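Enquirer:
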Amino acid sequence: MGVGHYENFPVGSLALPRALRAPVHAIYRFARTADDIADEGDASPEQRLAELAALSAELDRIARGEAPQTALMQELAAVIERQRLPLAPFYDLLSAFSQDVVKTRYATFAELIDYCRRSANPVGRLMLALYGETDAKSVAMGDGICTALQLINFWQDVAIDWKKGRVYIPQEDLARFRIREEQIAAGDAGGLWRALMMKEIERARAMLAAGAPLGKKLKGRIGFELRMIILGGERMLQKLHESGGDVFHQRPVLSRRDWGYMVWRALRAK
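Going left to right, the sequence shown walks through residues 0 to 269 as numbering that gives the first Met the number 0 numbers them.
1. Leaving aside the five residues before and after residue 89 along the sequence, list all residues of the same chain whose C-beta is less than 6 Å from its C-beta, in chain order.
2. Reducing DSSP to helix, strand and coil, say where residue 247 ends up.
3. Quick one: using the 10 Å Cβ neighbour count with 16 as the cut-off for buried, is residue 254 buried or exposed?
4. Would you list, in sequence order, the uninterrupted alpha helix (DSSP H) runs of no fewer than 4 residues that lie entirely inside the segment 144 to 232?
5. Quick check: the Cα distance between residue 222 and residue 229, rounded to an integer number of angstroms?
6. For residue 111, which residues in the same chain have their Cβ closer than 6 Å to its Cβ, ignoring the five residues on either side in sequence?
7. Evaluate residue 155 with the Cβ neighbour count: other Cβ atoms within 10 Å of its Cβ, from every protein chain shown; 16 or more gives buried, anything less gives exposed.
8. By Cβ distance, which residues of its chain are closer than 6 Å to residue 260, with the 5 residues on each side in sequence left out?
9. With DSSP run on the structure shown, which of helix, strand or coil describes residue 16?
10. Go ahead and pull the three-state DSSP assignment for residue 88.
11. Quick one, which of 176, 236 and 25 has its alpha-carbon nearest residue 203's?
12. Any idea what DSSP makes of residue 141, helix, strand or coil?
13. Below 8 Å between beta carbons: does that hold for residue 92 and residue 121?
14. Span of the alpha helix (DSSP H) holding residue 113?
15. Under a Cβ-count criterion, where at least 16 other Cβ atoms within 10 Å of its own Cβ denotes burial, should residue 17 be classed as buried or exposed?
16. Under a three-way DSSP split, which group does residue 40 fall into?
17. Can you give me the start and stop residues for the alpha helix (DSSP H) that residue 82 sits inside?
18. Near residue 198, what residues of its chain come up, given a Cβ to Cβ distance below 8 Å and the 5 sequence neighbours on each side ignored?
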């Protein structure tokens, strides 16, 4: 999944209430630790899966009311108990990280969305749980935002993921637009590449738009934080669109000017 997938995690954000900073840090450390196990270093797939299974066993201990064996999970167990967090999102994250070890292609868009459901949505659900926002409508909108952000990251990082041996653009879409993987390897944005990327960009845009009302529904700091994240996603989609999806020669990033605009918009949209 790669470190870029946690760029939107609000660790250290001044918008976070002080009381929630420690819980957010504990969740983040768990997610990043598991992500690094799956994605970093030179360990074999078998070693990676074994380490992720060990984290899953620690979650099992927490579920049974037993003390975890590692400092990382002891800290997380305290947060889970104090904040009454569900365990399912943590298991989902481990499922996604384990899948990353063994799966490098996605046949259909539905298959990719199922991956996002476990790799991205759990973070949003945990953040909503920390704020006590667990109604079905809020959770559904949060899922839409998180999935959209995950997709944006995939489209932004096509070249980076290729170097890691992964292609997240669905194989059915590559075939429909007659794009061969050799074209990705060559960094070639010719042919129907633009048309392919416009399709993928609009998919992410629709999901982000469907979840965006949550940014206004939620009040206070979480609302501001979420509006900033949504605006960041919208701006990235705009940059992807303006480049014609040519992420090989101009990978989009947010500038200082973008951040200033996002803050202004987020404050006005209360």
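For each residue, glycine too, the CB sits at the ideal point set by N, CA and C. Computed from a predicted structure; not experimentally measured.
Expert: On the basis of the coordinates in this document:
1. Taking the first residue of the sequence shown as position 1, residue 89 is located at position 90. Same-chain partners within the cutoff: 58.
2. Counting from 1 along the sequence shown, the entry for residue 247 is found at position 248. It is coil, neither helix nor strand.
3. Taking the sequence shown and counting its residues from 1, the one referred to as residue 254 is at position 255. With fewer than 16 other Cβ atoms within 10 Å, it is exposed.
4. 157 to 162, 170 to 175, 180 to 184, 192 to 210 and 212 to 216
5. Translated into positions along the sequence shown, residue 222 becomes position 223. Translated into positions along the sequence shown, residue 229 becomes position 230. Cα atoms of residue 222 and residue 229: separation of roughly 10 Å, rounded to the nearest angstrom.
6. In the sequence shown, counting from the first residue as 1, residue 111 sits at position 112. Counting only Cβ-Cβ distances below 6 Å, and skipping sequence neighbours, we find 105 and 169.
7. Walking along the sequence shown from the start, residue 155 turns up at place 156. Counting the other CB atoms within 10 Å of its CB gives residue 155 a total of 16 or more, which places it among the buried residues.
8. Locating residue 260 in the sequence shown gives position 261, counting from the first residue. Closer than 6 Å at the Cβ level, and outside the excluded window around residue 260, lies no residue.
9. Taking the first residue of the sequence shown as position 1, residue 16 is located at position 17. Assignment of residue 16 by DSSP, reduced to helix, strand and coil, places it in the coil class.
10. One-based indexing of the sequence shown puts residue 88 at position 89. Of the three classes helix, strand and coil, the one that applies to residue 88 here is helix, per DSSP.
11. As a first step, residue 203 must be located in the sequence shown, where it is residue number 204. The candidate whose alpha carbon is nearest that of residue 203 is 236.
12. If you number the sequence shown from 1, residue 141 lands on position 142. DSSP places residue 141 in helix when its eight states are reduced to three.
13. On the sequence shown, residue 92 is found 93 positions in, with the first residue counted as 1. On the sequence shown, residue 121 is found 122 positions in, with the first residue counted as 1. Yes, the Cβ-Cβ distance between residue 92 and residue 121 is below 8 Å.
14. On the sequence shown, position 114 is the one that residue 113 refers to. Unbroken alpha helix (DSSP H) run through residue 113: 108 to 118.
15. Within the sequence shown, the letter at position 18 stands for residue 17. That one is exposed.
16. Within the sequence shown, residue 40 is the residue found at index 41, counting from 1. Coil at residue 40, not helix or strand.
17. Locating residue 82 in the sequence shown gives position 83, where the first residue counts as 1. Segment 70 to 82, the alpha helix (DSSP H) holding residue 82.
18. Position 199 of the sequence shown, counted from the first residue, corresponds to residue 198. So the qualifying residues of the chain are 172 and 176.
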